[in-house]
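J.: Chains as they are written, first to last, in our numbering: chain X, 1 to 387; chain F, 388 to 774. Just so you know, even glycine gets a beta-carbon here, dropped at the ideal spot from N, CA and C. Predicted model, so just to flag it, every value in this text is computed and none were measured.
2 protein chains.
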Amino acid sequence: MIRIAILGSTGSIGTSALAVVDAHPDRLRVVALGAGNNAALLAEQVRKYCPEVVALASGDGVDTLRGLCDPPRTVASGAEGLLAVATCPSVDVVLCASSGTAALEAVLAAIACGKTIALANKEVLVMAGGLVMDAARAHGVAILPVDSEHNAIHQCLHQRSGADVRRLILTASGGPFRGRSRASLAGVTAADALKHPTWQMGQKITIDSATLMNKGLEVIEAHWLFGMPASRIDVVVHPQSIVHSMVELRDGSVIAQMGITDMRLPIQYAFSYPERWDAPVPFLDLTRMGTLEFHEPAWDDFPCLRLAYRALEAENSLPIVLNAANEVAVDAFLRGELGFTAIPDLIAATMNAHTGGVADTLDAVRRIDGWARDRARAGVRELQSIP
Amino acid sequence: MIRIAILGSTGSIGTSALAVVDAHPDRLRVVALGAGNNAALLAEQVRKYCPEVVALASGDGVDTLRGLCDPPRTVASGAEGLLAVATCPSVDVVLCASSGTAALEAVLAAIACGKTIALANKEVLVMAGGLVMDAARAHGVAILPVDSEHNAIHQCLHQRSGADVRRLILTASGGPFRGRSRASLAGVTAADALKHPTWQMGQKITIDSATLMNKGLEVIEAHWLFGMPASRIDVVVHPQSIVHSMVELRDGSVIAQMGITDMRLPIQYAFSYPERWDAPVPFLDLTRMGTLEFHEPAWDDFPCLRLAYRALEAENSLPIVLNAANEVAVDAFLRGELGFTAIPDLIAATMNAHTGGVADTLDAVRRIDGWARDRARAGVRELQSIP
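1. Which same chain residues, not among the five before or five after residue 49 of chain X, have their C-beta less than 6 Å away from its C-beta?
2. Closer than 9 Å between beta carbons: that is the criterion. Which residues of the region 496-524 of chain F meet it against chain X?
3. With the cut-off set at 7 Å, would you say residue 532 of chain F and residue 506 of chain F are in Cβ contact?
4. Using CA atoms only, rank isn't needed, just tell me which of F/755, F/735, F/737 and F/736 is closest to residue 744 of chain F.
5. For residue 103 of chain X versus residue 113 of chain X, is the C-beta distance shorter than 7 Å?
6. Taking just the CA atoms, how far does residue 700 of chain F sit from residue 610 of chain F?
7. Return the bridge partner residues of residue 3 of chain X from the DSSP annotation.
8. Judging by CA-CA distance, which residue of F/647, F/575, F/561 and F/396 is the nearest neighbour of residue 692 of chain F?
9. Around the C-beta of residue 702 of chain F, are 16 or more other C-beta atoms found within 10 angstroms, so that it is buried, or is it exposed?
10. Just the C-alpha distance for residue 363 of chain X and residue 64 of chain X, rounded to the nearest angstrom, thanks.
11. Measure from the C-beta of residue 228 of chain X to each C-beta in chain F and report whether the shortest distance is under 7 Å.
12. Can you check whether the CB of residue 213 of chain X is closer than 7 Å to the CB of residue 326 of chain X?
13. Within this structure, are the beta carbons of residue 61 of chain X and residue 39 of chain X separated by less than 7 Å?
14. Going by DSSP, name the residue or residues bridged to residue 636 of chain F.
15. Within the same chain, show all residues whose beta-carbon is closer than 8 Å to that of residue 679 of chain F, passing over the 5 residues directly before and after it, in chain order.
16. Report, in whole angstroms, the separation of the C-beta atoms of residue 752 of chain F and residue 493 of chain F, which I expect to be a contact under 8 Å.
17. Can you list the residues of chain F that residue 258 of chain X reaches, using a CB-CB cut of under 7 Å?
18. Measuring alpha carbon to alpha carbon, tell me which of X/188, X/47, X/87 and X/23 ends up nearest residue 338 of chain X.
19. Identify every run of the alpha helix (DSSP H) within the region 57-145 of chain X, keeping only runs that are complete inside it and at least 4 residues long; order them along the chain.
20. Do you know offhand how far residue 471 of chain F's Cα is from residue 419 of chain F's?
21. Between the region 132-146 of chain X and the region 259-276 of chain X, are three or more C-beta pairs nearer than 8 Å?
22. Measuring CA to CA, which of F/617, F/719, F/761 and F/456 is closest to residue 771 of chain F?
23. Any idea what DSSP makes of residue 258 of chain X, helix, strand or coil?
24. Could you pull the start and end residues of the alpha helix (DSSP H) that residue 205 of chain X belongs to?
25. If we cut at 7 Å on Cβ distances, does residue 682 of chain F have a partner in chain X?
26. Check whether the Cβ of residue 158 of chain X lies closer than 7 Å to any Cβ atom in chain F.
27. Counting beta carbon pairs with one atom in the region 722-736 of chain F and one in the region 460-480 of chain F, are three or more of them shorter than 8 Å?
28. On the premise that residue 513 of chain F lies in contact with residue 384 of chain F, defined as a C-beta separation below 8 Å, what is that separation, rounded to the nearest angstrom?
29. If we cut at 7 Å on Cβ distances, does residue 534 of chain F have a partner in chain X?
30. Would you tell me roughly how many angstroms separate the C-alpha atoms of residue 474 of chain F and residue 404 of chain F, rounded to the nearest one?
31. DSSP three-state call for residue 672 of chain F: helix, strand or coil?
32. Using alpha carbons as the reference points, say which of X/137, X/45, X/302 and X/259 lies closest to residue 279 of chain X.
33. Could you give the first and the last residue of the continuous alpha helix (DSSP H) run that contains residue 234 of chain X?
34. Do the CB positions of residue 557 of chain F and residue 605 of chain F come within less than 7 Å of each other?
35. Under 7 Å, do residue 498 of chain F and residue 463 of chain F count as touching if we go by C-beta distance?
36. How close, in whole Å, do the beta carbons of residue 389 of chain F and residue 479 of chain F come, if the pair is a contact with beta carbons under 8 Å?
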């Protein structure tokens, strides 16, 4: 029996993870659940899975939860709550599916406790890839990627020697605005950007997918997960999202992983690894998929991708700034305070204002992250003041 | 230094193998070469590679060779010649690239000597898969497939447990007549059938590709190489020949191997395995490949594929009959003595005339093979006598 903790159990990935647990009640047991503010759904999950530990973002949420269900032994809130879920002694695998940067400390704590990490949160590696991977190595902990692209690469590599790998090739759907020019994107709304063609996901990641920043963050994530320099990580646009990603080997062979677009597959892969189990999803029928296309990304129309490469190649703390400014920019865009094409402009301006520095401690990461958020928020206000 | 013997050195695969040797003079050395009747080309190869052993099909060929070059220490002809090449003591890897059934005894002899087998000859496994795989297991010998489809599957499996595999999916280009009805194919000529859209190959295999028998033989070969029943081996038509084949895992993930259509890649893979080396071929650029399509095979228009499944499912010596009748039929078609659509008819009639029997010795294989050839030749004469 594999005992699971989920950080972000009420989100899109979290509920898919619970569906995987439902499909394998003889193999998986939910032991700890952490959520943000959705006390009602967490209460349902508590009734169904009877976890030992639960957490919510706020004390108010905890009060609401107590009114809705018979609470577990341990109920906590805030950063302390996330830590309690991530370090719960009986847990084997921690699925980190809470979005944003809040989960970083919890992941580091889980690693220190020797938990296997199933990682669905991009920001953890984008902000602190060096810290996290060093800690994982030091504690002999596996970081199993749940993002479909990195999960695909993990499957393609399948313990192959790094010396045999020439290039990682991340596929990108291209998002809802594929084929459109930058000029034509100035007036698009959040509602337009939230219509993703192939994947059903949370709001933040769906906007990141529309700007291609999602792929940029994935390039940085791939660098840390697989120890590859930016020059050996490529992006190819593949609108059908059937090929989840590829690995080019030194002899020219390309190994690809394909599947239907359902997050239960990579989540189950991470829970079951190194085993494989039957999955609660339909099999892929390539003969009914139409044709598969592959294109170069439109670098100039979607500048976020190039910004991410620039941040990664800088080999300092610039990815923290990229990520923080992007979170602020997407948030402002979703609230209608920032235009779509102003997102990369705001990020670039924030990156340009950064004076460098190495982020080799969690405190340093937090300080640069905080600075970049403040700077980006100031940037939003400046842009709003322009008539 | 890996020492190589090549059975069929003057053919399409053989010359590609020598190009691989040319690309890796520090890693590969040619020690023994066997050819059919092309003494002139073999003489060139002798001058260039200075092998210890060479063989030709006939004594006349040997005489011609002696007139064209300074011959190696050992020069032999006929079945004895093939055996001398296959069992040459200093050889590590025997590439079996001679077409047809003549190489079977040589492969068994090479296995008995503990040589690694790089197998490009389909008939060896179609006729005697049980004998060959049993011998390989008994002698701890690896059989590395050079056929691009089986080579792709070998790469996709990459030491994965058989319990994790749901299905092998062989891709087929569909050949030059893809999309045409059986009725429209009655009058096609050998010249039409020899125009393969994606691969440059020998005549026999190109005709087999046009009838889809090539894929049928590959299904039988995959059964033996990977220990999969017919029910777990599928064929999908993929006209672009970029995806060389795929493995579907039990959780629904599909692992595919892609590459350019150049036989040097799978040959080098077999020579270098378990290592990988840089290859003397261009890298695949998926963004310049147009679109990739996948279709169900046209079972009724190309009956040879179903005949091969029927032979494999019979679990007796029927694949020997299928293969022998196909060789006779293709030979007759190439000489203009048999129509294209009569190829499957002749094979089916020969299979129907077979009374069964287990082929558990080389002699039994030869007897059934001989019977089937005689029966098929008689069938060609009968069809020719019909006005």
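T.: Result, derived from the coordinates:
1. Cβ within range, chain order: 30.
2. Against chain X - using a Cβ distance shorter than 9 Å - the region 496-524 of chain F contributes no residues.
3. The beta carbons of residue 532 of chain F and residue 506 of chain F sit closer together than 7 Å.
4. Comparing alpha-carbon positions, the option among F/755, F/735, F/737 and F/736 lying closest to residue 744 of chain F turns out to be F/755.
5. Result no, Cβ atoms of residue 103 of chain X and residue 113 of chain X do not sit closer than 7 Å.
6. So the two alpha carbons sit approximately 10 Å from each other.
7. Paired residues: X/29.
8. Taking residue 692 of chain F as reference, the option from F/647, F/575, F/561 and F/396 with the minimal CA-CA separation is F/561.
9. Answer is exposed; the Cβ neighbour count stays below 16.
10. Rounded to whole angstroms, residue 363 of chain X to residue 64 of chain X spans 33 Å at the Cα level.
11. No - not a single Cβ of chain F is within 7 Å of the one on residue 228 of chain X.
12. Yes, the Cβ-Cβ distance between residue 326 of chain X and residue 213 of chain X is below 7 Å.
13. If you check the CB distance, residue 61 of chain X and residue 39 of chain X come in under 7 Å.
14. Answer by DSSP bridge pairing, in chain order: F/552.
15. Here residue 679 of chain F has 625, 627, 629 and 630 as same chain residues with Cβ atoms under 8 Å from its own Cβ, once five neighbours each way along the sequence are excluded.
16. Going by Cβ atoms, the distance from residue 752 of chain F to residue 493 of chain F rounds to 14 Å, so no, they are not a contact pair.
17. Contacts between residue 258 of chain X and chain F, judged by CB atoms closer than 7 Å, involve 641 and 643 in chain order.
18. Of X/188, X/47, X/87 and X/23, the residue nearest in Cα terms is X/188.
19. Complete alpha helix (DSSP H) runs here, min 4: 59-68, 78-86, 104-112 and 122-139.
20. Residue 471 of chain F and residue 419 of chain F have their alpha carbons spaced roughly 8 Å apart.
21. Yes, they touch.
22. Per the Cα distances, F/719.
23. Note: residue 258 of chain X maps to strand in three-state DSSP.
24. Looking at the DSSP string, the run of the alpha helix (DSSP H) that includes residue 205 of chain X is 203-211.
25. It does: the Cβ of residue 682 of chain F has a partner Cβ on chain X nearer than 7 Å.
26. So, interface residue.
27. The count of Cβ pairs closer than 8 Å, one atom from the region 460-480 of chain F and one from the region 722-736 of chain F, stays below three, leaving the stretches out of contact.
28. In the structure displayed, chain F extends from 388 to 774; residue 384 of chain F sits before or after that span and is not available.
29. Residue-level contact by beta carbon fails for residue 534 of chain F and chain X, as no gap is shorter than 7 Å.
30. Rounded to whole angstroms, the separation of the alpha carbons of residue 404 of chain F and residue 474 of chain F is 19 Å.
31. It is coil, neither helix nor strand.
32. Per the Cα distances, X/259.
33. Residue 234 of chain X -> not in any alpha helix (DSSP H); beta strand (DSSP E) instead, spanning 233-237.
34. Yes, the Cβ-Cβ distance between residue 557 of chain F and residue 605 of chain F is below 7 Å.
35. Contact: no.
36. The Cβ separation is near 5 Å, so the contact holds.
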